[in-house]
Amino acid sequence: MSSSRLRLKNKTAIVTGGGTKSALAGTGQAIAILYAREGARVLLMDIDEANALKTQETIRKEGGEASVFVGDVTRHEDCRAMVNAAVSRYGCLNILFNNVGISRPGTAVDVKEEDWDTVLDVNLKSIMLTSRHAIPMMIEGGGGAIVNVSSIDGLRAGWSRNISYAAAKAGVIGMTRNMAIQHGRDNIRVNCIAPGHLNASLTSGLSESHREMRRRANALGTEGTAWDVAWAAVFLASDESRWITGVVLPVDAGTLAAHPLSIMPRDDTGILPDPDIDLHFPP
Ligand SMILES: NC(=O)c1ccc[n+]([C@@H]2O[C@H](COP(=O)([O-])OP(=O)(O)OC[C@H]3O[C@@H](n4cnc5c(N)ncnc54)[C@H](O)[C@@H]3O)[C@@H](O)[C@H]2O)c1
Numbered sequence: 000m001s002s003s004r005l006r007l008k009n010k011t012a013i014v015t016g017g018g019t020k021s022a023l024a025g026t027g028q029a030i031a032i033l034y035a036r037e038g039a040r041v042l043l044m045d046i047d048e049a050n051a052l053k054t055q056e057t058i059r060k061e062g063g064e065a066s067v068f069v070g071d072v073t074r075h076e077d078c079r080a081m082v083n084a085a086v087s088r089y090g091c092l093n094i095l096f097n098n099v100g101i102s103r104p105g106t107a108v109d110v111k112e113e114d115w116d117t118v119l120d121v122n123l124k125s126i127m128l129t130s131r132h133a134i135p136m137m138i139e140g141g142g143g144a145i146v147n148v149s150s151i152d153g154l155r156a157g158w159s160r161n162i163s164y165a166a167a168k169a170g171v172i173g174m175t176r177n178m179a180i181q182h183g184r185d186n187i188r189v190n191c192i193a194p195g196h197l198n199a200s201l202t203s204g205l206s207e208s209h210r211e212m213r214r215r216a217n218a219l220g221t222e223g224t225a226w227d228v229a230w231a232a233v234f235l236a237s238d239e240s241r242w243i244t245g246v247v248l249p250v251d252a253g254t255l256a257a258h259p260l261s262i263m264p265r266d267d268t269g270i271l272p273d274p275d276i277d278l279h280f281p282p
């Protein structure tokens, strides 16, 4: 960890949801590990201490610096205390990665009102709460980088019955752009990653056939992992992206580049063998 070429050397980063709830790496976990490998001191914020300790252990074994802060991103006081903890432990705050996100089922017709409120609070309002306290500290230190996690579901509709998730993730994109404009003159860059269909902690319960379908739905025909998101997160947090702000970067193997017909099965002539196949809309 001593190379002078480390991309986040001497920077302090907060990663919310920096633990993982499954055996599979989560995006928060992978991001925290890569940030530490690139020289950052990482505050792992998580509602579940045991989840965060798993990430801390990995980072410390590799010789990196990380510590855990237990808190809930929907609680204003926890977000304030999280930022204060980062500054008192490490002396400054340069990077905030807003990773926490959850999903609950439901269409406009049947989503439970309490689920709607929870998803909007956890995925969207939390970014305002963490940023509210992080931005003044970043300004004191001469600037910083904020990276938010959206989803391809915030840009295009899928057939998942997840209207609250889609609304929150679209909101994350709007917030990212607004914050980039409001705080650009403070030398704070705000960007957003929109992951595609990953095989990662949040989606670790998917069947093999479901995973195969997700693989086939993108241009590369391969499955993404938390590490694919994490490498984009390193770039957007590092000085290499010093002139990039307000962008939404899909990490999706080209899923958003394709129109719906592109993933339908077809023969060598390009003609659909079964025009009745309807892959995209619920019956
Ligand atoms: N997996 C995918 O296919 C996919 C696709 C698009 C976007 N995403 C986004 O990636 C992120 C998933 O992150 P992950 O893989 O690290 O997931 P994860 O489910 O492993 O969660 C990471 C951590 O967040 C913590 N957490 C949950 N609620 C919290 C709260 N209120 N306060 C603080 N911590 C809390 C959990 O304890 C957990 O340790 C989400 O924002 C999700 O929407 C995932």
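Letter by letter, the sequence shown follows residues 0 to 282 of numbering that gives the first Met the number 0. The C-beta atom is built at its ideal place from N, Cα and C for all residues, glycine as well. Owing to the predicted nature of the structure, the values given are computational and were not obtained by experimental measurement.
In whole angstroms, what separates the C-alpha of residue i from that of residue j?
i, j, result
"Asp312", "Arg131", "As displayed, the chain neither begins before 0 nor continues past 282, which places residue 312 out of reach and without an answer."
"Asp251", "Ala216", "10 Å"
"Ala206", "Met212", "At residue 206 the sequence reads Ser, which differs from the Ala that was named. Straight-line Cα distance between these residues: approximately 10 Å."
"Met178", "Ala31", "23 Å"
"Ser203", "Ala257", "25 Å"
"Gly153", "Asp120", "16 Å"
"Val86", "Arg184", "22 Å"
"Asn138", "Glu113", "It should be pointed out that residue 138 corresponds to Ile in this sequence rather than to Asn. Rounded to whole angstroms, Ile138 to Glu113 spans 36 Å at the Cα level."
"Ala199", "Arg214", "13 Å"
"Arg40", "Asp109", "44 Å"
"Gln28", "Ala35", "11 Å"
"Arg88", "Leu219", "43 Å"
"Gly157", "Gly90", "43 Å"
"Ala169", "Ile101", "14 Å"
"Ala24", "Gly141", "33 Å"
"Leu235", "Asn9", "16 Å"
"Gly38", "Arg188", "20 Å"
"Val246", "Arg6", "20 Å"
"Leu42", "Thr254", "32 Å"
"Ile58", "Leu33", "9 Å"
"Asn93", "Val233", "13 Å"
"Asn83", "Gly143", "16 Å"
"Asn147", "Cys78", "15 Å"
"Ile172", "Asn50", "27 Å"
"Arg176", "Arg210", "32 Å"
"Trp230", "Arg155", "23 Å"
"Ile243", "Thr26", "22 Å"
"Asn190", "Ile145", "6 Å"
"Asp116", "Glu76", "19 Å"
Residue i: buried (16+ other C-beta within 10 angstroms of its C-beta) or exposed?
i, result
"Met174", "buried"
"Lys53", "buried"
"Ile180", "exposed"
"Asn122", "buried"
"His182", "buried"
"Lys111", "exposed"
"Leu260", "exposed"
"Met136", "buried"
"Ala133", "buried"
"Ser150", "buried"
"Ser125", "buried"
"Ser208", "exposed"
"Thr268", "exposed"
"Arg241", "exposed"
"Val4", "The question names Val, but residue 4 in the sequence shown is Arg. Burial call: exposed."
"Met81", "buried"
"Ser314", "Any property of residue 314 remains undetermined from this structure, which presents the chain solely from 0 to 282."
"Ser221", "One point to set straight first is that residue 221 is Thr, not Ser, in the sequence displayed. Exposed, because fewer than 16 other Cβ atoms sit within 10 Å of the Cβ of Thr221."
For residue i, which beta-bridge partners are listed by DSSP?
i, result
"Ala12", "Val41, Ile94"
"Gly105", "Asn161"
"Ile126", "In DSSP, Ile126 forms no bridge with anything."
"Leu197", "Gly223"
"Ile192", "Val148, Leu248"
"Gly143", "Ile187"
"Val67", "Leu43"
Is there at least one Cβ from chain B nearer than 8 Å to residue i's Cβ?
i, result
"Trp115", "Included in the structure is just one protein chain, with no chain B present."
How about the region 162 to 169 and the region 216 to 233: do they share at least three Cβ pairs that are nearer than 8 Å? no
Mind the definition here: the region 9 to 16 touches the region 87 to 103 only if three or more C-beta pairs lie below 8 Å; say whether that holds. yes
Counting Cβ pairs closer than 8 Å, one from the region 240 to 251 and one from the region 191 to 198, do we hit at least three? yes
Contact between the region 18 to 34 and the region 53 to 64 (3+ Cβ pairs under 8 Å): yes
Inspect the CB distances between the region 56 to 69 and the region 99 to 108 and report whether three or more fall short of 8 Å. no
Specify whether the region 67 to 84 and the region 39 to 46 touch according to this definition: at least 3 beta carbon pairs, one from each stretch, less than 8 Å apart. yes
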